[in-house]
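These protein sequence lines are chains A and B, in that order.
Residue numbering for the first sequence follows our numbering, beginning at 6 and increasing consecutively.
Residue numbering for the second sequence follows our numbering, beginning at 4 and increasing consecutively.
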Amino acid sequence: MAEGDQESLEGLYGQYAAVVYNTLISYTKNAEDAEELLQDVFISVFDTAHKFRFDSSVSTWIYRVTVNKALDFLRKKNATKRKGIFSSLYRKDSAKLQFDQSDFDHPGVKMENVEDARYLFQAISELSDNQKTVFILTQIEQLPQQEVAEIMKVTRKAVESLLQRAKSNLRCILEKHYPERVKSKVIASK
Amino acid sequence: MEEWKDKVIRSLSGIERAKPPTDGFEGIRRKLAARSRPNAEKGGQWMAVAAAILILVSSNALLLTNHSNKQQVVDTAEAYPEMITSFNIYDNEQ
Numbered sequence: 006m007a008e009g010d011q012e013s014l015e016g017l018y019g020q021y022a023a024v025v026y027n028t029l030i031s032y033t034k035n036a037e038d039a040e041e042l043l044q045d046v047f048i049s050v051f052d053t054a055h056k057f058r059f060d061s062s063v064s065t066w067i068y069r070v071t072v073n074k075a076l077d078f079l080r081k082k083n084a085t086k087r088k089g090i091f092s093s094l095y096r097k098d099s100a101k102l103q104f105d106q107s108d109f110d111h112p113g114v115k116m117e118n119v120e121d122a123r124y125l126f127q128a129i130s131e132l133s134d135n136q137k138t139v140f141i142l143t144q145i146e147q148l149p150q151q152e153v154a155e156i157m158k159v160t161r162k163a164v165e166s167l168l169q170r171a172k173s174n175l176r177c178i179l180e181k182h183y184p185e186r187v188k189s190k191v192i193a194s195k
Numbered sequence: 004m005e006e007w008k009d010k011v012i013r014s015l016s017g018i019e020r021a022k023p024p025t026d027g028f029e030g031i032r033r034k035l036a037a038r039s040r041p042n043a044e045k046g047g048q049w050m051a052v053a054a055a056i057l058i059l060v061s062s063n064a065l066l067l068t069n070h071s072n073k074q075q076v077v078d079t080a081e082a083y084p085e086m087i088t089s090f091n092i093y094d095n096e097q
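Structure below.
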């Protein structure tokens with residue numbers, strides 16, 4: 006593939022498209038964006054294959070490209086959203102866009118967990134880049150912490166710590182944005 | 004109270020992978036083909052930009068030339084006022 010062979014790229018696509026797409030959709034929470042980024046990831050892999058030195062596994066390398074593409078995409082999207090908020094100051098019909106209220110249902114979530122997963126995905130988008138990555142890779146992609154550490158180029162201890170902080174922050178975010186759930190649970194327990 | 008939050012955090016357990024579109028590689032093939040195609044469209048764009056610059060420069064040059072010519076005419080008139088005043092037909096009639 007380093008010599009520009011598209012058939013090798015197709016082979017690699019067949020092998021890794023599902024993991025790349027699943028990771029991307031967890032970040033973007035949108036199928037069209039994930040599809041577009043899926044193509045971009047494999048084009049990047051095709052373009053940079055000659056630089057790959059086998060100092061990590063192919064899977065780690067592809068995950069790394071995927072995570073970088075997804076985070077870049079979110080940064081650009083958030084920058085556009087911030088501009089939108091700024092310009093909305095001059096419009097009467099401005100809406101507060103600080104918390105992403107889009108209803109995303111991950112297609113792989115169990116039926117009984119759909120509603121909870123929807124809240125969780127909204128909360129995940131509030132985490133920092135590192136915490137988000139650790140949470141997605143360990144909880145959704147179900148990768149071992151050691152592999153996540155290699156993808157992120159940090160120690161396994163750092164991954165463990167990031168995961169703890171991510172879970173703790175998710176609890177705070179959920180409580181902050183869904184106080185009605187806290188109230189309803191209290192009423193139900195009485 | 005904490006229970007519902009833990010339940011939400013655990014809601015992804017047993018999650019299955021989302022499936023990519025079946026014709027996903029076609030998009031990649033199209034993008035790669037578009038990239039390697041001889042870029043006639045890009046060449047056309049450069050020609051349009053060059054033409055716009057040329058029109059801008061030549062119109063400005065024309066404007067400057069006209070402006071300096073006009074100034075020269077005015078300067079000549081101011082330099083020889085007696086030549087012009089000597090043709091005052093009303094004075095000659097007196």
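Virtual Cβ for every residue (Gly too), placed ideally from N, Cα, C.
Margin query: Let's test the definition: count the other Cβ atoms within 10 Å of the Cβ of Cys81/A and tell me whether it reaches 16, buried, or not, exposed.
Written below: According to the sequence shown, residue 81/A is Lys rather than Cys. With fewer than 16 other Cβ atoms within 10 Å, it is exposed.
Next item on the list: Quick one: grab the DSSP three-state call for Leu66/B.
Entry: helix
Margin query: When you compare the CB of Asn135/A with every CB in chain B, is at least one pair closer than 8 Å?
Written below: no
Next item on the list: Within its chain, find whatever has a CB closer than 7 Å to the CB of Thr143/A; leave out the 5 residues flanking it on each side and keep chain order.
Entry: Non-local beta-carbon contacts of Thr143/A in its own chain, meaning distances under 7 Å to residues more than five positions away in sequence, involve Gln150, Val153, Leu168 in chain order.
Next item on the list: Would you decide whether Glu29/B is buried or exposed? Buried here means 16 or more other CB atoms lie within 10 Å of its CB.
Entry: exposed
Note to self: Given a cut-off of 8 Å on the beta-carbon distance, is the pair Ala75/A and Leu43/A in contact?
What the structure shows: no
Notebook entry, point to check: From Val50/A to Ile67/A, what distance separates their C-alpha atoms?
Noted result: 7 Å
Next item on the list: Check whether the Cβ atoms of Gly19/A and Glu19/B lie closer than 8 Å to each other.
Entry: no
Notebook entry, point to check: In whole angstroms, what is the alpha-carbon distance linking Lys34/B and Ile48/A?
Noted result: 8 Å
Check: Is the CB-CB distance between Ile178/A and Val72/A below 8 Å?
Finding: no
Note to self: Check whether chain A comes within 8 Å of Arg3/B, counting only Cβ atoms and requiring the distance to be less than that.
What the structure shows: Residue 3/B falls outside the range modelled here, since chain B spans only 4 to 97, and no answer is possible.
Note to self: Counting only beta-carbon separations shorter than 8 Å, does Asp121/A have a partner in chain B?
What the structure shows: It does; some Cβ of chain B falls within 8 Å.
Check: By the criterion of Cβ-Cβ separation under 7 Å, what are the contact partners of Tyr46/B in chain A?
Finding: Correcting the residue identity first, residue 46/B is Gly in this sequence and not Tyr. In chain order: nothing, as chain A lies at least about 23 Å away.
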